[in-house]
Amino acid sequence: MTQRPTLFGAELRRLRTEAGLSLSRMAGLLHYSKGYLSKIETGGKRPSPDFARRCDAELDAGGKLSALVPDQSPKTPPPSEITTNGDEVWVLRLDSSGSSSFQPMDRRSVLTAGAASAVAFGMGGTRAAVAGTGSVEPFQVMFDQLRKLGQTTSPSLVLPGLIAQTHSLRELALNAHPRRAPEILALTARYAEFAGWMAQEAGDDRAAMWWTDKSVELAEAGGDRRLGAYALVRRALVEIYRHDARQAIEVAQLARQNAITDRIRGWAALHEAQGHALAGDYDTCMRILDVAGEHLSAAQPEPGPTLGASNLSDPVAMIAGWCLHDLGRTGAATEVLDREVGALPEQALRSRARYGIRRALAHATAGEIEHACALTTETLPIVDAVTSATVLTDLRKLSQLLARHHRVPAVQALQPALIASLHHQTA
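The sequence shown begins at 1 in the working numbering and counts up by one.
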């Protein structure tokens, strides 16, 4: 047994005693058994970060206990870069089974791999163009439809078409009149940015960051400097799902410093607040949420599709509910999430899956097991429809938490569907 759990247990016992709480009373507040809590205090059990944050909240310890527990999530390295030598070829493979894959390669690698010798069908010419009086409006309409599709179905169904349209727009921009190129490049950048989000939802952080970086490159080529900071916002979100509080905070702060619009500053602040919540720092988290609200309230309408989530009526409130759960303040979290999830648009299935499962997790953590099961039963069909690697993070936590209450009839009734959903998400 390492020394750290013993130090945590001793500090927990000291703070509990100072608060005048018996072991039984503390266990009841945390919704854990008295025996489990006793083992934590004596160093016989290793505390989880979630458990430490709950204790911090109940004892008003200001993050002291969280600081004693490192995150035990499996640490994957940060997404590495995908590099080419500039002479880039995009290879999109569509399998007869329905699966697909995408790989950017330099032309030399394609030739070396023998891909050039495969049977290929021409697409009718080498120059893509839009008539001088033509419009890219059809591509804008398609983008709106692809975003709607991304809210209602699996990323694996969205990405092939999204990548193909991004390629088409890129070719149009290369051959467009100089006056038209910036408009086309701006839209191409938004396609690439959305591809990055769908790649993250598919569980490929490396591809997510490649597409995000590509969107910055395309936007800057068209004179739009907004996406440089927004790429950092997206990277901060990747770090949040990797449970790396320090990196999430640092990257989000850098994004806020570099942002040139209040909307991007606001979303950077929201992700910074999530990082502080993961670190167990309640006061800083709440302060940064206020900063996010100020920026988003000051945000002016911008040309083109909206950057950041567009389905949240009050992003600050929703993220506050998310943070309150991470901070162990489950009562406040359930109240906020109940209200905000109920306000989500009916068609925003991906958002309803993400925040619906977090809502169920918050209720389960608060000891409301039967209600959590009812919420999960209601949300699982949506989760299965959209498939999301980010939602899977909370779904696994929820499954582990409910397993502690396996004798509860509602849990027993839910388990087959929950297990099937977990399998579906990882298949």
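For glycine and all other residues, C-beta sits at the position ideal for the given N, C-alpha and C.
Just to check my reading of the structure: residue i and residue j have Cβ atoms closer than 8 Å, yes? What is that Cβ distance to the nearest angstrom?
i, j, result
"A362", "T334", "5 Å"
"V251", "L289", "The Cβ separation is near 18 Å, so there is no contact."
"L307", "A364", "With 8 Å as the limit, L307 and A364 do not qualify as a contact, their Cβ atoms being about 33 Å apart."
"A349", "V386", "The sequence given here places Leu at residue 349; Ala does not occur at that position. About 5 Å; that satisfies the 8 Å criterion."
"I249", "G275", "4 Å"
"A52", "V69", "4 Å"
"M209", "R242", "Contact doesn't hold; Cβ gap of about 12 Å is too wide."
"L380", "A417", "6 Å"
Please classify residue i: is it buried, with 16 or more other beta-carbons within 10 angstroms of its beta-carbon, or exposed?
i, result
"I419", "exposed"
"V158", "buried"
"L15", "buried"
"R54", "buried"
"S22", "exposed"
"R329", "buried"
"D244", "buried"
"F8", "buried"
"H423", "exposed"
"Q412", "exposed"
"T188", "buried"
"L12", "buried"
"S154", "buried"
"E41", "buried"
"E272", "buried"
"T112", "Any reading at T112 needs caution, since the residue's pLDDT is 49, under 50, leaving its predicted position unreliable; the model's value is listed next. Exposed: under 16 other Cβ atoms inside 10 Å."
"T17", "exposed"
"S351", "buried"
"T426", "exposed"
"R190", "buried"
"P47", "buried"
"S421", "buried"
"K214", "buried"
"P297", "Here residue 297 turns out to be Ser, not Pro, going by the sequence shown. When all chains shown are included, S297 counts as exposed."
"S66", "buried"
"S24", "exposed"
"G293", "buried"
Between the options, which lies nearest to residue i when the distance is taken from Cα to Cα?
i, options, result
"R263", "G222, Q247 and S310", "S310"
"A255", "V233, E18 and L296", "V233"
"A277", "R246, E370, G228 and K214", "R246"
"R366", "T387, A343, H405 and E378", "Reading the sequence as shown, one finds Ala at residue 366 and not Arg. Ranking the options by Cα distance to A366, first place goes to H405."
"A343", "M318, D283 and G304", "M318"
"P49", "R180, P409, A417 and K397", "K397"
"P305", "E137, Q253, P70 and L349", "E137"
"L59", "E368, G20 and L296", "G20"
"V383", "K45, T152, L29 and K34", "T152"
"M286", "L270, A298 and K39", "L270"
"H167", "R180, G150, E220 and P104", "P104"
"H325", "A181, R358, A299 and A27", "R358"
"E171", "A67, A320 and L218", "L218"
"T390", "G356, A279, G28 and G321", "G356"
"W322", "I240, F139 and A186", "I240"
"L162", "L30, P182, T284 and F139", "F139"
"E220", "A186, A207 and A199", "A186"
Which ranges does the beta strand (DSSP E) cover as unbroken runs of at least 3 residues, wholly within the stretch 250–315, from first to last along the chain? none
Quick check: the stretch 214–231 against the stretch 338–351, are at least 3 beta-carbon pairs closer than 8 Å? no
Should the stretch 187–202 be called in touch with the stretch 138–153, which here means at least 3 C-beta pairs below 8 Å? These segments touch.
Runs of 4 residues minimum, wholly inside the stretch 218–251: which ones carry the alpha helix (DSSP H) assignment? 226–241
Counting only runs that start and end within the stretch 145–226, where is the alpha helix (DSSP H) found for 4 or more residues in a row? 155–175, 181–201 and 205–221
Would the stretch 170–183 count as touching the stretch 199–206 if we require 3 or more Cβ pairs under 8 Å? no
Where are the alpha helix (DSSP H) runs, 4 residues long or more, that stay fully inside the stretch 355–409, in chain order? 369–386 and 389–403
Length-filtered (4 minimum) alpha helix (DSSP H) runs lying within the stretch 15–44: 23–30 and 34–42
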